[in-house]
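Working notes for the structure below.
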Amino acid sequence: MKKKYLAAVILILVIAFAFIGCGGKDSGSDSAKESESSGNSEISESPEPTKELTPTVTPTPTVTPSPTPTPIPPVVHDGHEKKRELNCIKDKGMALEIRDAGEDRMLVSLFTREMCYDENGVEAGTKVRYCMVDTKNDEVTAEAISESAAETFIGLRENGEFIVYDGVFRRILVYSKELKIVKELPLDTNENIIYDSKKDVLYTIIEANLVCIDMEGNEKVLLEKTVETDIMGSSYDGERLIFSDPGFYSYTDKEYSLYDATSGKVDGVFNKELLENFECDRYLVGLSDTEENGGLISVYDYEKKEEGPIYKYESRLYKGCETDSEIAVLYRQWFDSKNDLIKEFLLVRPEDGSYEKLEDFSSFDVVAAEDAKTEHLYFVITTYPAGKPVNAFYEYCPECFDYSEKLEKTEVQVEDHTELKCGDYLSEIRKKADELEKEYGVEILIGDEIKSWKINDYYELISTEDMYEWDKDVEMLGYEYTLEILEKALKRYPKGFFDMFKDYRNVGGMRFVLVGDLKNNAGSFVAGGVSSDVGCWRNIVFDIDAPTESTPHHEIWHSVEAQIRLRDPEAFSDEKWDALNPKGFKYCNNFDKYLVDSMKYDEYILMRSFGETPGYFIEAYSTVNGQEDRATLIEPVMTDNIFLYTEGAYPSSKDYVESFPALVAKLKYMEEQYERWFGEKYW
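The C-terminal position of the sequence shown is numbered 1495 in our numbering, with every residue numbered one higher than the one before it.
As structure tokens, this is what we get:
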């Protein structure tokens, strides 16, 4: 997905912003002035000297009456200031996070030195102090110490309670306005959690499904197969969720989708090179922080489904927050000549690109309210005089600024991705591949088609059109042989089996990539087939002069296991799997050395001991790691007579394998994990 969690860094304030507020001036505390003593003093206005007037007598002139002009009313912001400093949390420790708590209240979390322990008694970090701040009266109305080191703010309920997720004990906690825990719900997830305050429900990804959870803990699945999908954020009303989905062409490629929680429909939105987790009440705010594009900002109006103009800034933009006044708060950071980290904050109106620069905060720890639904913005800057953290807490009024500067309009530099076609002489091979694609719901790439995609990092993939440039007959024979093996393998799987690799959008899935050679750039190991996951594709690569009948089944299992792990990362834990191996056995974990290393385990390997064995492993390659052990075990189960010496003794190689209790136990474990997610086993 792919998340917003607590972040803390150490920061010294070096520049104070001097200005005249709308109705008042900045009035900093003594400690704040000391931390700002870098030579910049506050500028104050002196009144004009009063002139002493001598009374005179002047004849009253005859004046022709004229219409009295209508006075222009001054802009008034309810008497609040452009910038105001609050002192209530000055000495309460380093600030970590600020959250809107409604009704002129802000919730501030601060660092403590009190250690937290998990359920096993292991240190899990330090707890935080919560302070409920009355911003109108500049006072702390309630305090509490968290029970965990990983409590993340989720949302504010309409009754003033606020919700956090405890990542240590995996639960939802509800705090009252008085900072007392009033509700606890178990929730085991590593994904982002989004709160809809109007419906009073939570949204998150559990076991690769989008789930809605009410505040009684009842769960409802809304979308299935959200494979590698992250919930990036939501609109303020919680009605729209922004998804980040795996893209098509590379490891970093992303597709962004908008889910309407009312209709249950998903729409693709926004330029995938631009979107970065910023949302406002009416529109989605996009931001790019890529090196290629620099700092880009735009909006997507999800009522009109229209993308606004794109603006750029001179540097990468790192983060943002927003208010209900449709103003995004962005900042960039860099190191100055003194090697101090500088953070520059901008208030930006994304629809027209106008902005106002606030001030530069130097050397660490500036936190800003990222979800303020008020018209104001809040920043806490922590400095460290004499090693003790001291906070300067500021409130800004975005409407008091002129927004006289303009960001420059630009266009996103989108990579031109043109899918290449194979040579005309491969038309008959392409026709056969098309037939298999239609029959089994997979995709097959041949010839120069492989050059259009990011497929594998460890191997350089050589197109057959380059490999067999001077011997087309050999190339054709290789394709015919490989497609014959592939078709035979695909027939072994249940109808619709390969649909499980597509995501909730029915995008991506299983793709077979047929190449002339796999050149290992990271070692000497030579492979006839490899599997890799890129974007929304499960890629299986075959060298057309190397695959055996078992190769497709080996690589397909790797993809099956990857799908299972998406739903349960602990499904094939080392601890559980190792318990099925002989005592004292250790996997080699080295593709180049496994042949030699495996010799000490010959007695356990079927193809080394020829049946005189307890039978824990199929072949030497099984001893590389747990993943390869399982993938080699599936080969003889899915391919008849892989062990020629078993002919006549057993009906099939599957029956031969199942004559060994240790291998049966491993197959049983694999079967259990598969059936949990996909139903009856396919072998």
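Where is the CB? At the ideal position from N, CA and C, for every residue including glycine.
Please work out which residues of its chain come closer than 8 Å, Cβ to Cβ, to residue i, disregarding the five sequence neighbours upstream and downstream, and give them in chain order.
i: E1447; result: S1362, H1365, H1366, I1430 and I1454
i: T938; result: F923, T924, R925, E926, M927, C928 and A961
i: N1401; result: V1436 and N1437
i: Y1280; result: V1286, E1287, G1290 and G1328
i: D1000; result: R982 and I1018
i: L865; result: Summary for L865: the model assigns pLDDT 34, below 50, so the residue's position carries little reliability; its value from the coordinates is reported in the next sentence. Taken in chain order, the list of residues that qualify is empty.
i: P1306; result: Y1494
In chain order, what residues of the same chain have a beta carbon less than 7 Å from the beta carbon of residue i, not counting five sequence neighbours either side?
i: N1021; result: V1033, L1035, E1036 and T1038
i: Q1485; result: I1376, A1383 and F1384
i: D1357; result: G1290
i: E1249; result: E1255 and I1256
If you drop the 5 nearest sequence neighbours on each side, which residues of the same chain put their C-beta closer than 6 Å to that of residue i?
i: M1027; result: D1012
i: D1315; result: K1037, V1039 and C1348
i: I1025; result: L1014 and E1031
Assign residue i to buried or exposed, taking buried as 16 or more other Cβ atoms, counted over all protein chains shown, within 10 Å of its Cβ.
i: K1478; result: buried
i: D1164; result: exposed
i: T1194; result: buried
i: S1344; result: buried
i: E1277; result: buried
i: Y987; result: buried
i: V1408; result: exposed
i: I1535; result: This structure cannot speak to residue 1535, because the chain is shown only from 813 to 1495.
i: V1476; result: exposed
i: R896; result: buried
i: D1057; result: buried
i: V1097; result: buried
i: N1004; result: buried
i: M1482; result: buried
i: N971; result: exposed
i: D1283; result: exposed
i: V1342; result: buried
i: G1059; result: buried
Taking Cβ positions, are residue i and residue j nearer each other than 8 Å?
i: F1403; j: V1436; result: yes
i: V1353; j: L1330; result: yes
i: G1347; j: Y1399; result: no
i: V1325; j: L1238; result: no
i: T1041; j: I1017; result: yes
i: R1323; j: W1349; result: yes
i: E1220; j: E1168; result: no
i: L1086; j: L1070; result: no
i: S1110; j: Y1125; result: no
i: P1201; j: M906; result: yes
i: L968; j: E1207; result: no
i: M944; j: V952; result: yes
i: G1321; j: F1310; result: yes
i: T1444; j: Y1433; result: yes
i: R1416; j: P1394; result: The sequence as given places Tyr at residue 1416; Arg does not occur at that position. Yes, Cβ-Cβ distance for Y1416 and P1394 is below 8 Å.
i: L985; j: Y942; result: no
i: C1209; j: E996; result: no
i: E1487; j: V1179; result: no
i: K1263; j: L1295; result: no
Taking the alpha carbon of residue i as the point to measure from, which residue in the options has its own alpha carbon closest?
i: Y1190; options: R917, K1480 and T1276; result: R917
i: E1373; options: F1313, K1405 and V920; result: F1313
i: N1333; options: F1205, L1053, E1272 and L968; result: E1272
i: K779; options: A1432, K1244 and T1230; result: Missing from the structure shown is residue 779; the chain here goes from 813 to 1495 and no further.
i: G1259; options: W1282, L1248 and E1287; result: E1287
i: K1077; options: T1064, R1052 and V1254; result: R1052
i: Y977; options: D903, E970 and F965; result: F965
i: F974; options: T947, V920, Y1252 and D1057; result: V920
i: E915; options: H1188, R1420, E1003 and P998; result: H1188
i: T947; options: D903, D912 and L985; result: D912
i: K989; options: F1157, M1482, E955 and V940; result: E955
i: N1351; options: A1339, G1340 and I1368; result: I1368
i: K1010; options: V994, S1047, A1474 and V1023; result: S1047
Based on the DSSP secondary-structure assignment, which residues constitute the bridge partners of residue i?
i: A954; result: M944
i: L1158; result: L1142 and K1169
i: N1203; result: T1194
i: N1333; result: According to DSSP, N1333 bridges with nothing at all.
i: Y1061; result: Partner(s): none; Y1061 has no beta bridge.
i: L1248; result: Beta-bridge pairing links L1248 to no other residue.
i: G1080; result: S1069
i: L1189; result: Y1208
i: N1021; result: I1018
i: S921; result: E909 and Y942
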